[in-house]
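Peer 1: For the record, in the sequence shown the residue sitting at position 302 is 301 according to numbering that gives the first Met the number 0, with numbers rising by one throughout.
Just so you know, even glycine gets a beta-carbon here, dropped at the ideal spot from N, CA and C.
Quick caveat: nothing in here was measured; it's all calculated off a predicted structure.
Structure in structure tokens, see below.
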Amino acid sequence: MYKIKSKISIIIFISILIGGLIIGCNNDKEISSINNYKESLKKPINITKNSLNIMIDPRIELLSIVQYLSNYDEEYDLMTKYDFEYRGRVDEYFTPFKEHKAVKLFDRLSDKGFLYHIPPETMLYMTNKFKLREDIDMSEYLIENKKELEEFYESLYDFFRDTKFNDFYDENEEYYFSLVENVSHTIDGENDIIKELEEYYGIKQKSYNLILVSLYTEVGFGIRLGTVADEGYEIYSVIGPTVSNSNVGFGSKTNFNSIQIHEFSHSFINPLTEKYWNEAKKYSKLYIPVKDTMEKEAYGDWESCLNEHIIRAITARFNYKKDKSLGDNTIEWEKENGFIYIDKLLEKLDEYDNNRDIYPTFESFYPELLKSLDYYIENSNM
């Protein structure tokens, strides 16, 4: 993320809202049967370019409007500050619903840790009929309090129905399509981000999905969903706009590439840190000097801090391959923002690039990459 992934917030929310979601076969059947709504959300507006699905997803659009109407921005500064036509249309259409129970429920949930990537991730588990998807593997979670999850989806359905959300969505279809089309124009034959990622990490994912959200601030969330059929992850980059005139845009080609490499990399790197945590946690005292800075960016523990350092080093590596000055600027920017361990990680990545016959996948190199942090342990006063 460029402002995301607090392990603490995950734990808090899961324990309060959906407990910890580890579902067995019997629970799967029970959970997927909640609610039986007659109306459904529209289909996403989508263009696929070089294996990247660029879209406006009505589930996320619905959520973002509820978030926009709530106190979320006042508390967490995660909604847009730009003044543009679509925002005005949202204000005009939805302001009468600011006191809706879905908005009030979201406020209560966000106070309990329902923050950052967790709300959009929750929506991606949901079908357009407001049911939990049956094709997604949720075996890592255990539903201890299904009532709150059911209440959340029910409140969103009520908001969807009471506001006639589909009417608003249809009225703005041309605007949504223009966003998707404009972003697709930044991708050409020489700009195949998915191919570059798969070659770099040495593995493929099931799908790559970019969701554009006009009402979010300049933020990115990297999300992955495992499939029941074990076909790899559906991975998502959920991003807000970076520029605005009368409408919105999602950055220059260079900026766009960096954000997507960063966000999609979470779905490759985060599972490796989990898998090799016994090794990674040996360096946890490195979190102490950067704790205050990292917590301000919602990286509330060593695991999320480490993931961010690695991903930012990888993003810089990609930028160096494009242009040396771009890579230099990336590293300087990251160190100014508190990512002080990035230099040695970046140096170590040279070893990976130059020895792919030894390290065919990034996973095969990951334990070796961690050793680059020995330098900081040996040269610290901790």
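Which one of Leu345, Asn353 and Glu362 has the shortest CA to CA distance from Leu372?
Peer 2: Leu345
Peer 1: Rounded to whole angstroms, what's the CA-CA distance from Phe96 to Glu73? Just pull it up for me.
Peer 2: 18 Å
Peer 1: Rank Lys203, Arg132 and Ile238 by C-alpha distance to the C-alpha of Gln259 and give the top, closest one.
Peer 2: A check of alpha carbon separations from Gln259 across Lys203, Arg132 and Ile238 identifies Ile238 as the nearest.
Peer 1: Considering only the alpha carbon of each residue, which of Lys128, Thr121, Val247 and Ala101 lies closest to Asn70?
Peer 2: Ala101
Peer 1: CB-CB under 6 Å to Phe317, same chain, minus the five flanking residues each way: which ones, in chain order?
Peer 2: Ile260
Peer 1: Ser266: which of Glu362, Asp82, Arg86 and Leu62 sits nearest, CA to CA?
Peer 2: Glu362
Peer 1: Where Trp301 and Gly201 are concerned, what is the direct C-alpha to C-alpha distance, given to the nearest angstrom?
Peer 2: 26 Å
Peer 1: Let me make sure I understand the geometry here. Which of Leu104, Asp134 and Glu333 has the alpha-carbon closest to that of Tyr152?
Peer 2: Leu104
Peer 1: Between Lys194, Arg88 and Asp76, which has its C-alpha nearest Ser384's C-alpha?
Peer 2: Nothing about residue 384 can be reported from this structure: the residues present for the chain run from 0 to 381 only.
Peer 1: Could you check the C-alpha separation between Thr216 and Glu84 for me, to the nearest Å?
Peer 2: Looking at the two C-alpha atoms, the distance is approximately 16 Å.
Peer 1: Using alpha carbons as the reference points, say which of Lys252, Phe220 and Ser206 lies closest to Tyr232.
Peer 2: The candidate whose alpha carbon is nearest that of Tyr232 is Ser206.
Peer 1: Going by DSSP, what residue range makes up the beta strand (DSSP E) through Ser206?
Peer 2: Run containing Ser206: Ser206 to Leu211, per the beta strand (DSSP E) assignment.
Peer 1: Compute the Euclidean distance between the alpha carbons of Phe176 and Glu60, then round it to the nearest angstrom.
Peer 2: 13 Å
Peer 1: Could you check where the beta strand (DSSP E) with Gly225 kicks off and where it finishes?
Peer 2: Gly219 to Gly225
Peer 1: Where do the N-terminal and C-terminal ends of the alpha helix (DSSP H) with Leu62 fall, by residue?
Peer 2: Pro57 to Leu68
Peer 1: What distance in whole Å lies between the Cβ atoms of Phe338 and Glu416, which are believed to be in contact at a cut-off of 8 Å?
Peer 2: Since the first residue of the chain shown is 0 and the last is 381, residue 416 is not available in this structure.
Peer 1: Report the three-state DSSP secondary structure of Glu38 (helix, strand or coil).
Peer 2: Three-state DSSP puts Glu38 in coil, outside helix and strand.
Peer 1: Take Tyr286 and list the residues in its own chain whose beta-carbon comes closer than 6 Å to its own, dropping the five residues that flank it on each side.
Peer 2: Trp301 and Cys304
Peer 1: Tell me, to the nearest whole angstrom, how far the beta carbon of Ile64 is from that of Ile55; I am working on the premise that it is less than 8 Å.
Peer 2: About 12 Å; that fails the 8 Å criterion.
Peer 1: Beta-carbon separation of Phe158 and His99 under 8 Å?
Peer 2: yes
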